[in-house]
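Engineer:
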Amino acid sequence: MIQLTINGLEVSVEEGMTVLEAARFFGFPIPTLCHMDGLNPYGACRLCVVEIGEGPGAKLVSSCTYPVEEGLRIRTTSSRVLKARKMILELLLASCPQSKTIQDLASAHAINQQRFRQEYEDCILCGRCVRMCEEQMAAKAIGFRGRGEKRSLGTPFDKNSEVCRQCGACIYVCPACELRCTSTTPEQAICGGCQNISPPCIEKEMFHDTMCYMDPCVACEIKKD
Amino acid sequence: MERLQSIQEFGQFQERLRAERKASMTTLVIPAGTCGQASGANGLVRIAKRELLGRKLTDRIQLRITGCHGFCEMEPSVLIEPQGTFYPKVDLSGMVRIIDAVARGQVVQDLLFVDSVSGTAIERQAEIPFFKKQVRALLSRNERVDPIRIHDYIENRGYATMARVLAEMKPEQVVGEVKASGLRGRGGAGFPTGLKWEMLAKQPNHREKFIICNADEGDPGAYMDRSVLEGNPHSIIEGMIIGAYATGATRGVLYVRNEYPLAIKHLIIALRQARELGLLGHHILGTDFSFDMDLVRGAGAFVCGEETALIRSIEGKMGEPRQRPPYPVQKGIDGKPTIVNNVETWANIPLLFELGAEKFTQVGSKKNAGTKIFSLVGKIKNTGLVEVPMGMTIGEIVYGIGGGPSTSAPIKAVQTGGPSGGCIPASKFDLPIDYESLKESGSIMGSGGMIVMDENTCMIDVARYFMKFLKDESCGKCFTCRKGTQRMYEILDDIAMGRGTLVQLDLLEELASIVNDTTMCALGQTAPNPVLSTLRYFREEYLEHIEHQRCPAHVCKALITYSVNEKCTGCGLCRRSCPSEAITGEKKELHQIDTSKCTKCGLCRSVCKFDAVTVI
Numbered sequence: 000m001i002q003l004t005i006n007g008l009e010v011s012v013e014e015g016m017t018v019l020e021a022a023r024f025f026g027f028p029i030p031t032l033c034h035m036d037g038l039n040p041y042g043a044c045r046l047c048v049v050e051i052g053e054g055p056g057a058k059l060v061s062s063c064t065y066p067v068e069e070g071l072r073i074r075t076t077s078s079r080v081l082k083a084r085k086m087i088l089e090l091l092l093a094s095c096p097q098s099k100t101i102q103d104l105a106s107a108h109a110i111n112q113q114r115f116r117q118e119y120e121d122c123i124l125c126g127r128c129v130r131m132c133e134e135q136m137a138a139k140a141i142g143f144r145g146r147g148e149k150r151s152l153g154t155p156f157d158k159n160s161e162v163c164r165q166c167g168a169c170i171y172v173c174p175a176c177e178l179r180c181t182s183t184t185p186e187q188a189i190c191g192g193c194q195n196i197s198p199p200c201i202e203k204e205m206f207h208d209t210m211c212y213m214d215p216c217v218a219c220e221i222k223k224d
Numbered sequence: 000m001e002r003l004q005s006i007q008e009f010g011q012f013q014e015r016l017r018a019e020r021k022a023s024m025t026t027l028v029i030p031a032g033t034c035g036q037a038s039g040a041n042g043l044v045r046i047a048k049r050e051l052l053g054r055k056l057t058d059r060i061q062l063r064i065t066g067c068h069g070f071c072e073m074e075p076s077v078l079i080e081p082q083g084t085f086y087p088k089v090d091l092s093g094m095v096r097i098i099d100a101v102a103r104g105q106v107v108q109d110l111l112f113v114d115s116v117s118g119t120a121i122e123r124q125a126e127i128p129f130f131k132k133q134v135r136a137l138l139s140r141n142e143r144v145d146p147i148r149i150h151d152y153i154e155n156r157g158y159a160t161m162a163r164v165l166a167e168m169k170p171e172q173v174v175g176e177v178k179a180s181g182l183r184g185r186g187g188a189g190f191p192t193g194l195k196w197e198m199l200a201k202q203p204n205h206r207e208k209f210i211i212c213n214a215d216e217g218d219p220g221a222y223m224d225r226s227v228l229e230g231n232p233h234s235i236i237e238g239m240i241i242g243a244y245a246t247g248a249t250r251g252v253l254y255v256r257n258e259y260p261l262a263i264k265h266l267i268i269a270l271r272q273a274r275e276l277g278l279l280g281h282h283i284l285g286t287d288f289s290f291d292m293d294l295v296r297g298a299g300a301f302v303c304g305e306e307t308a309l310i311r312s313i314e315g316k317m318g319e320p321r322q323r324p325p326y327p328v329q330k331g332i333d334g335k336p337t338i339v340n341n342v343e344t345w346a347n348i349p350l351l352f353e354l355g356a357e358k359f360t361q362v363g364s365k366k367n368a369g370t371k372i373f374s375l376v377g378k379i380k381n382t383g384l385v386e387v388p389m390g391m392t393i394g395e396i397v398y399g400i401g402g403g404p405s406t407s408a409p410i411k412a413v414q415t416g417g418p419s420g421g422c423i424p425a426s427k428f429d430l431p432i433d434y435e436s437l438k439e440s441g442s443i444m445g446s447g448g449m450i451v452m453d454e455n456t457c458m459i460d461v462a463r464y465f466m467k468f469l470k471d472e473s474c475g476k477c478f479t480c481r482k483g484t485q486r487m488y489e490i491l492d493d494i495a496m497g498r499g500t501l502v503q504l505d506l507l508e509e510l511a512s513i514v515n516d517t518t519m520c521a522l523g524q525t526a527p528n529p530v531l532s533t534l535r536y537f538r539e540e541y542l543e544h545i546e547h548q549r550c551p552a553h554v555c556k557a558l559i560t561y562s563v564n565e566k567c568t569g570c571g572l573c574r575r576s577c578p579s580e581a582i583t584g585e586k587k588e589l590h591q592i593d594t595s596k597c598t599k600c601g602l603c604r605s606v607c608k609f610d611a612v613t614v615i
């Protein structure tokens, strides 16, 4: 068993777990996009970044790929992490605004506008479909090609695949293949913008850059006296 | 060649070669690395062979074709040994005259190097300021060996260090010596090499352990590694054999970028010759130690210089970095312990053991031992490769060795570290070149590129150029790197086109710090450096572009206008040269530029003899 600290809480986890698994096990929410239970972690979307270490050596790492280490000090909601998540969501909205998953994530973090030139792409290259096809469906029909801007998804040389069994798993797991919010009435709206989760306030003494989601919270009320 | 069966036999072989060597015989040394060949060195070689054979001078004069010596601005050049006479920019007829003079023991006065400051001719290479102020521990060796003749290398005490290490030292002692020397990796990050080797040595002895030579030199404008790969491939092989012995590595990989065909050719020949002689392969020189290496070619991706992407590339997969931990030293090629070191680091190893750790630390500065080769390029008089001790100031390199600006425009800044680095303004040229100082000032050492810029360089254009490079070279896996570099480029492009706003400038800074924070590999983490460092020191230029739609350096095409001024004599040369037919005018009358057709290529300004084209 490995001892480490998450958001000030000292916990004991099994070796081989990732930081994401450990944090979620103890109830600390971390947003993800390219992660999917059952698939190998990939670390492409960067939404799951958490801050590890303290002082000048502190850095952000993707929690889905980082293995737990003895003595690790993790913070899932420091201001650095929050700033990063907000910018990533802005960038996501700037590229793929029509995806419900992305819209939900954005509104959950109080983002409702983005400052970049608007694009309408239908793929965010999260790799879920690639990993699903290879790891769960054992077909390996699609993959990444190209580099940087020109990175894309498809079959080898865009030829019709002989190994694709048309199982539809790739469509099933795709976060971008979903509809935009379709209604103004809350019952029919599907974007979830009404929910607004901000992060918890543990370690408020040590780190003055976190916010509380339970407003008003008992601890804050007590301090007011 | 006969395989050498023992260290003793090697020693005897070396002594015999040294005794037979005609050290005092006059030698024509012609640097013919890629830079030399591009300048015309092959023609000089041809003439030299023709003259020496035709005039039956081969018993008195030798010819040695080598790799790059470093003074690329003056190539094709010829060096005469043992006198040390240096002839710059030699043409074919000049070559004939030089050989003639050498045969008669004379010097061709009018072909000698002329120092631009004093105006006098300097005969000996060692006296030329460009060479004098350097500490050419590695580059000077390029002069003494023909890279495809292993005998040259052995004659110059090559492989003797390896033989001594194998005979007299234990692996732990070898690691200890490297640690004591304080040698830091020359690939850019500056990680202590001794520590890296110790970590690999400590890995429980697997059936396989790998050491890799990272020769994927991808920084634009950097070619230091190329000069060592082409000019002295055996120094790398020797270094790697010593490294394998120290760490218990069983196999080596030379990962060379495909765009270096001459380096690949020379390495293949060098490997073959080393194996033939028994210096590489099973039971090296009859000892229990066996080690061999393969050459793997890159496929044109800058990101494959990153160690985890490099390892994936070697494994035959797409070059994408992965999260560390686990570090390659624990899980590298095929999950086996692996370390990656840069070409220059490996080349420093035989030197280190020859001098001993203590003497090695005497060059350079505290915590930054040894020399570093920089490729000094840009608006500088003496373009080339310079090898200086760590700790020398930027000013000394740029003015003392580089000779100052190549035109009348004063030098504004120096860009170090390639696309991952930053710009350092002229006001900070008293900064010493070491890992810490450069990092503090917003740049990095990187692999050693040093681009000199003058006031005709637009810093936004520079930032945009590097951002475009990184945007194209990003592997694309991390969302923030792929989109971040793309969006940063978009904003920089907007600013360069005069469409930028102050809001975008703030957004740029914000985005830059997020990209730095959240990406997985060093490409993304250092991608914002060019932007952040130019913003830090040259913010006024950004503001000029945004607030006044002006490019002070007259570079950004959307913001400048070309026009003809009153100095025009109506000669019509510009009119005839213009590729867009944008200039009209009668003979002997003031010409005019139609700005709607003008593409701002600058051709008119460069052909005009009367300085009559103004750019505002």
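Sequence order for the protein chains is V and E.
Last residue of the first sequence: 224 in numbering that gives the first Met the number 0, with the numbers rising by one and none dropped.
Last residue of the second sequence: 615 in numbering that gives the first Met the number 0, with the numbers rising by one and none dropped.
Even for Gly, the Cβ is constructed at its ideal location relative to N, Cα and C.
Computed from a prediction, not measured in an experiment: that's the story for all the values here.
1. In whole angstroms, give me the CA-to-CA distance for Asp460 (chain E) and Ser532 (chain E).
2. Determine the extent of the alpha helix (DSSP H) in which Leu19 (chain V) is found, giving its start and end residues.
3. Where Thr370 (chain E) and Cys474 (chain E) are concerned, what is the direct C-alpha to C-alpha distance, given to the nearest angstrom?
4. Hey, out of V:Glu13, V:Lys158, V:Gly147 and V:Thr64, whose CA is closest to His34 (chain V)'s CA?
5. Near Leu228 (chain E), which residues of its chain fall below 8 Å by C-beta distance, leaving aside the five closest residues on each side in sequence?
6. May I ask you to report which of helix, strand or coil DSSP gives Lys586 (chain E)?
7. Check whether the Cβ atoms of Ala248 (chain E) and Ile210 (chain E) sit closer than 7 Å, and answer yes or no.
8. Listed in chain order, which residues of the region 477 to 497 of chain E have Cβ atoms closer than 8 Å to some Cβ of chain V?
9. State buried or exposed for Ala109 (chain V), treating a residue as buried only when at least 16 other CB atoms are found within 10 Å of its CB.
10. Going by the beta-carbon positions, is the gap between Val95 (chain E) and Ile79 (chain E) smaller than 7 Å?
11. Against chain E, does Cys44 (chain V) count as a neighbour if the rule is that its beta carbon must be under 7 Å from one of theirs?
12. So, under 8 Å CB-CB, Gly447 (chain E) and Met239 (chain E) are touching, yes? Tell me the CB distance rounded to an integer number of Å.
13. Tell me whether Asn213 (chain E) sits in a helix, a strand or coil according to DSSP, three-state version.
14. Give the C-beta separation of Ile582 (chain E) and Cys570 (chain E) to the nearest angstrom, bearing in mind that I take them to be a contact with Cβ-Cβ under 8 Å.
15. Tell me the rounded alpha-carbon separation between Lys58 (chain V) and Gly523 (chain E).
16. In chain V, what lies closer than 9 Å to Asp471 (chain E) by C-beta?
17. Can you confirm whether Cys621 (chain E), when its beta carbon is compared against all beta carbons of chain V, has any partner nearer than 7 Å?
18. Output, in chain order, the set of chain V residues within a Cβ distance shorter than 7 Å of Ala300 (chain E).
19. Can you tell me whether Arg146 (chain V) is buried or exposed? The criterion is at least 16 other CB atoms within 10 Å of its CB, across all chains shown.
20. Listed from N- to C-terminal order along the chain, which residues in the region 496 to 519 of chain E have their beta-carbon within a distance smaller than 9 Å of any beta-carbon of chain V?
21. Are the C-beta of Phe115 (chain V) and some C-beta of chain E separated by less than 7 Å?
22. Distance, Cα to Cα, Val12 (chain V) vs Arg23 (chain V)?
23. Would Thr76 (chain V) count as contacting chain E if we go by Cβ distances under 7 Å?
24. Taking Gln322 (chain E) and Gly42 (chain V) to be in contact with their CB atoms under 8 Å, please state how far apart those CB atoms are, rounded to whole angstroms.
25. Starting from Val554 (chain E), follow the alpha helix (DSSP H) in both directions and report where the run begins and ends.
26. Would you mind telling me which residues of chain V sit closer than 9 Å to Pro324 (chain E), beta carbon to beta carbon, in chain order?
27. Return no unless some Cβ of chain E is closer than 7 Å to the Cβ of Leu92 (chain V).
28. If contacts are defined as beta-carbon pairs under 8 Å, then Gly37 (chain V) and Gln135 (chain V) qualify, I think. What distance do you get, rounded to the angstrom?
29. If I'm right that Thr65 (chain E) touches Ala31 (chain E) with Cβ under 8 Å, what's the distance once you round it to whole angstroms?
30. So, using beta-carbon positions, are Gly445 (chain E) and Ser419 (chain E) closer together than 7 Å?
31. Can you list, in chain order, the residues of its chain whose CB lies under 6 Å from that of Ser94 (chain V), leaving out five sequence neighbours each side?
32. Can you tell me whether Gln112 (chain V) is buried or exposed, with buried defined as 16 or more other CB within 10 angstroms of its CB?
33. Kindly give me the distance between the Cβ atoms of Thr307 (chain E) and Pro320 (chain E), rounded to whole angstroms, as I take these residues to be in contact under 8 Å.
34. Please list, in chain order, all residues of the same chain as Ser61 (chain V) whose beta carbon is under 7 Å from its beta carbon, the five residues on each side excluded.
35. Going straight from the alpha carbon of Gln548 (chain E) to that of Ile490 (chain E), what length do you get?
36. Closer than 9 Å between beta carbons: that is the criterion. Which residues of the region 304 to 320 of chain E meet it against chain V?
Structural biologist: Here's the rundown:
1. Cα to Cα, Asp460 (chain E) sits roughly 13 Å from Ser532 (chain E).
2. Where Leu19 (chain V) is concerned, the enclosing alpha helix (DSSP H) stretches over Val18 to Phe24.
3. 32 Å
4. V:Thr64
5. Ala214, Ile235, Val255, Tyr259, Ala262, His265, Leu266 and Val342
6. coil
7. yes
8. Cys477, Phe478, Thr479, Arg481, Lys482, Gly483, Thr484, Gln485, Arg486 and Glu489
9. exposed
10. no
11. Closer than 7 Å to some Cβ of chain E, the Cβ of Cys44 (chain V) qualifies, so yes.
12. Between Met239 (chain E) and Gly447 (chain E) the Cβ distance is about 20 Å, and since that is not below 8 Å, they are no contact.
13. strand
14. Ile582 (chain E) to Cys570 (chain E), Cβ: 12 Å. No contact.
15. Counting only the Cα atoms, Gly523 (chain E) lies some 14 Å from Lys58 (chain V).
16. Arg146, Gly147, Glu148 and Lys149
17. Outside the modelled stretch of chain E, which goes from 0 to 615, sits residue 621 (chain E), for which no answer is possible.
18. Arg146
19. buried
20. Val502, Gln503, Leu506, Glu509, Leu510, Ser512, Ile513, Val514, Asp516, Thr517, Thr518 and Met519
21. Any Cβ of chain E closer than 7 Å to the Cβ of Phe115 (chain V) would place that residue at the interface, and such an atom is present.
22. 12 Å
23. Closer than 7 Å: no.
24. 6 Å
25. Run containing Val554 (chain E): none; DSSP gives neither H nor E here.
26. Tyr65, Pro66 and Glu68
27. By this cut-off, Leu92 (chain V) is not an interface position.
28. 6 Å
29. So it is a contact: roughly 7 Å between Cβ atoms.
30. yes
31. Glu118 and Glu120
32. exposed
33. 5 Å
34. Gly42, Arg45, Cys47 and Val48
35. 15 Å
36. Met317, Gly318 and Glu319
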